[in-house]
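Each position in the sequence shown, counted from 1, maps to that position plus 1 in the numbering used here. Note that beta-carbon positions come from the ideal geometry of N, C-alpha and C, so glycine has one too. Below you'll find the structure, written out as structure tokens, and then a few comments.
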Amino acid sequence: MHHQVLQSQLDRERRAAKKRKKAKKAKAKSYVPPSIPTNETGSVDCKRRGSFDESVLTRTSSCSSNLDDGEVVNDMDLVFGPQSPYHPTKRKDIWDHVVRIAKFDHESKRLVNLMAPYTLTALICNMFAIIDIAIISSVLGAESLSAFLVTGYFLSMVCKAAKGFTDAQATLCAHAVGAGNYFLAGQYIQLTQMVFVLTGVLPLLIMGSSMYQVLVWLDVSSHVATLGGNFATIQAIALLVGGFNDAQTQFLSAIDPSISSNAIEMLMHASYTAGIAAYLYDNANATLIDLAWMKCWIAILFIPINFIVLSSRGWLDLCWVGMIRSNALKNREAVKQMLKTGIPLGIGSLIRESEWVLMVLLASRIGTDDVATFAVIRRTFDIFSSLIEGLCCGAELRCAYHMGTGRQVHAARSAYKSLIIGMSVGTAL
């Protein structure tokens, strides 16, 4: 009797399980996914008061079988069915979005207006660097040029790690300016200078004072090692002053990206090139130490110039309280964002510069003439890469500004447009 009761109870549970399974299959067949608004032609409607619909570009299919409301969808339908991103109708919608993004509209014009000055500035600055190499080689000789390049690459490698925070400042300040928070922009300037002092001063001074031993360890000639050791000490000071100058220039690029910052940067490089040309051709006893002092004084000269430009346009008053009258270290979120943005940029710049340093070292073991040849090749390569870097700088500031104003969709559209422009220019090169 007891066995019959257990058997009947087991049969009832089996029948209930079968009913639940059938009901679940019926729900899966009757499930209709959320529809995407379409226009008369059947394509996705993206023209809503100038907004940009990225549902197709950013939509991803989940392979999970359990939905939030308990419904079940067949995984094979998500891969091969009408909702699959590989379905012909979805591919057509994606292509329509790509064509719509690539259209040259108002946002594209704003991007080009931002990218053009940065690209032109990068080209001109690299051309000035090639002229500097030619002047030093023709006046001071190949050994002085070898010491100038090897020492400069080592100091630049150390400085690039700290300069990642000044590069991060441009993005963060553009974000703060877009949000209208000039107090936060001033705090970012203060944090940049603090972090640059903490991460750049000690490594630069150590590298500048020990450059002679480094060059001797690399087995270069004693004359080149002496020239490089004497040059490195003053050059390290010039790079430190230039780091503080970069903080003001990056804020200028965030608040007035098309004119002031690029004009000041080109004027600074032109002043240095004209200065060393005039000094070397007028002084027969000129040395690399004189060039380092000239770079240092030019960097010091442009610090008040930046302040004058900021003050005359009224921009310094906007960020003065955050930059001078506040303790930015108490703003933990600002410190977090500065470190989160600056550390990856610093590591990337350090790795990139280390590659060139390694190549210069290999060329220096062959001969001093090979170092000069390699330096010219590198600067020529930088001319082409500067085209892409200029595009990136403009896109970076534009996207950060949109994010600061709370227009994430516009920022995504600018990013997609910048990607298409960059790929087109890179393919053409």
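For residue i and residue j, what's the separation of their Cα atoms in angstroms?
{"i": "Glu-397", "j": "Thr-172", "result": "7 Å"}
{"i": "Gln-188", "j": "Val-310", "result": "19 Å"}
{"i": "Ile-422", "j": "Ala-117", "result": "12 Å"}
{"i": "Ile-352", "j": "Met-269", "result": "26 Å"}
{"i": "Ala-237", "j": "Tyr-119", "result": "27 Å"}
{"i": "Val-151", "j": "Cys-126", "result": "20 Å"}
{"i": "Met-382", "j": "Val-225", "result": "The sequence shown places Phe at residue 382, not Met. Their backbone Cα atoms lie some 26 Å apart in a straight line."}
{"i": "Ser-313", "j": "Leu-319", "result": "12 Å"}
{"i": "Glu-354", "j": "Gly-315", "result": "37 Å"}
{"i": "Met-360", "j": "Ala-175", "result": "36 Å"}
{"i": "Val-322", "j": "Met-424", "result": "42 Å"}
{"i": "Gln-214", "j": "Asp-220", "result": "10 Å"}
{"i": "Ser-139", "j": "Ile-384", "result": "22 Å"}
{"i": "Leu-302", "j": "Ala-287", "result": "22 Å"}
{"i": "Pro-345", "j": "Gln-170", "result": "13 Å"}
{"i": "Asp-106", "j": "Lys-23", "result": "54 Å"}
{"i": "Asp-371", "j": "Asp-291", "result": "25 Å"}
{"i": "Cys-297", "j": "Val-99", "result": "49 Å"}
{"i": "Ala-429", "j": "Ile-256", "result": "31 Å"}
{"i": "Asn-328", "j": "Ala-279", "result": "44 Å"}
{"i": "Lys-448", "j": "Leu-317", "result": "Any question about residue 448 goes unanswered here, given that the chain covers just 2 to 430."}
Any idea if residue i is buried or exposed, counting beta-carbon neighbours within 10 angstroms, 16 or more meaning buried?
{"i": "Lys-418", "result": "buried"}
{"i": "Trp-218", "result": "exposed"}
{"i": "Thr-374", "result": "exposed"}
{"i": "Asp-247", "result": "buried"}
{"i": "Gly-179", "result": "buried"}
{"i": "Gly-181", "result": "exposed"}
{"i": "Ser-147", "result": "buried"}
{"i": "Asp-168", "result": "buried"}
{"i": "Gln-338", "result": "buried"}
{"i": "Leu-330", "result": "exposed"}
{"i": "Leu-363", "result": "exposed"}
{"i": "Gly-347", "result": "buried"}
{"i": "Ile-367", "result": "exposed"}
{"i": "Leu-420", "result": "exposed"}
Please identify the residue among the options whose C-alpha is closest to the C-alpha of residue i.
{"i": "Lys-104", "options": "Ala-429, Arg-353, Thr-428 and Ser-415", "result": "Ser-415"}
{"i": "Met-295", "options": "Leu-281, Ile-306 and Ala-285", "result": "Leu-281"}
{"i": "Val-336", "options": "Ala-148, Lys-22 and Leu-192", "result": "Leu-192"}
{"i": "Ala-186", "options": "Val-100, Glu-356, Ser-254 and Lys-19", "result": "Ser-254"}
{"i": "Glu-266", "options": "Gly-209, Ala-287, Ile-304 and Arg-366", "result": "Ile-304"}
{"i": "Ser-211", "options": "Val-100, Ile-235, Val-196 and Ala-329", "result": "Ile-235"}
{"i": "Thr-200", "options": "Ile-325, Ile-131, Met-158 and Gly-405", "result": "Met-158"}
{"i": "Ala-293", "options": "Ile-256, Gly-230, Val-426 and Val-322", "result": "Gly-230"}
{"i": "Leu-340", "options": "Asn-284, Arg-326, Ala-163 and Lys-20", "result": "Ala-163"}
{"i": "Cys-393", "options": "Arg-326, Leu-115 and Ser-222", "result": "Leu-115"}
{"i": "Asn-332", "options": "Gly-407, Phe-245 and Phe-184", "result": "Phe-184"}
{"i": "Asn-284", "options": "Leu-317, Ser-223, Leu-141 and Ile-102", "result": "Leu-141"}
{"i": "Ala-413", "options": "Lys-20, Ile-102, Lys-19 and Arg-15", "result": "Ile-102"}
Go through its chain and collect everything with a Cβ distance to residue i's Cβ below 7 Å, but skip five positions before and after it.
{"i": "Asp-133", "result": "Thr-274 and Ile-277"}
{"i": "Leu-240", "result": "Leu-156, Cys-160 and Leu-205"}
{"i": "Thr-250", "result": "Ser-262, Ile-265, Glu-266 and Asn-307"}
{"i": "Asp-12", "result": "none"}
{"i": "Ser-36", "result": "Confidence in Ser-36 is poor, its pLDDT being 46 and thus under 50, which makes the residue's placement unreliable; the coordinate value appears in the next sentence. Nothing meets the Cβ criterion."}
{"i": "Ala-401", "result": "Thr-172, Ala-175, His-176 and Gly-179"}
I'd like the list of long-range same chain contacts for residue i, defined as Cβ closer than 6 Å, with 5 residues on each side in sequence excluded.
{"i": "Ala-123", "result": "Ser-387, Glu-390 and Gly-391"}
{"i": "Gly-243", "result": "Ala-300"}
{"i": "Ile-260", "result": "none"}
{"i": "Met-324", "result": "Gly-187, Ile-190 and Gln-191"}
{"i": "Glu-334", "result": "none"}
Do residue i and residue j have their CB atoms nearer than 8 Å?
{"i": "Leu-289", "j": "Phe-252", "result": "no"}
{"i": "Leu-121", "j": "Arg-399", "result": "no"}
{"i": "Ser-350", "j": "Gly-153", "result": "no"}
{"i": "Val-377", "j": "Ile-136", "result": "no"}
{"i": "Leu-228", "j": "Glu-144", "result": "yes"}
{"i": "Val-196", "j": "Gly-343", "result": "yes"}
{"i": "Arg-379", "j": "Trp-357", "result": "yes"}
{"i": "Phe-129", "j": "Ala-271", "result": "yes"}
{"i": "Gly-427", "j": "Ala-177", "result": "no"}
Quick check: does the Cβ of residue i come within less than 7 Å of any heavy atom belonging to the ligand HEM?
{"i": "Ile-190", "result": "This structure does not include the ligand HEM; it has no bound ligands of any sort."}
Spatial neighbours of residue i within its chain, please: C-beta separation below 8 Å, excluding the five flanking residues on both sides.
{"i": "Phe-245", "result": "Gln-194, Phe-197 and Ile-304"}
{"i": "Met-208", "result": "Phe-155, Leu-156, Val-159, Val-215, Ala-233 and Ala-237"}
{"i": "Gln-409", "result": "His-403"}
{"i": "Val-202", "result": "Leu-241"}
{"i": "Ser-223", "result": "Val-217"}
Just checking: is the beta-carbon of residue i within a distance shorter than 8 Å of some beta-carbon in chain D?
{"i": "Ile-389", "result": "Annotation note: the requested chain D is absent from the structure, which comprises a single protein chain."}
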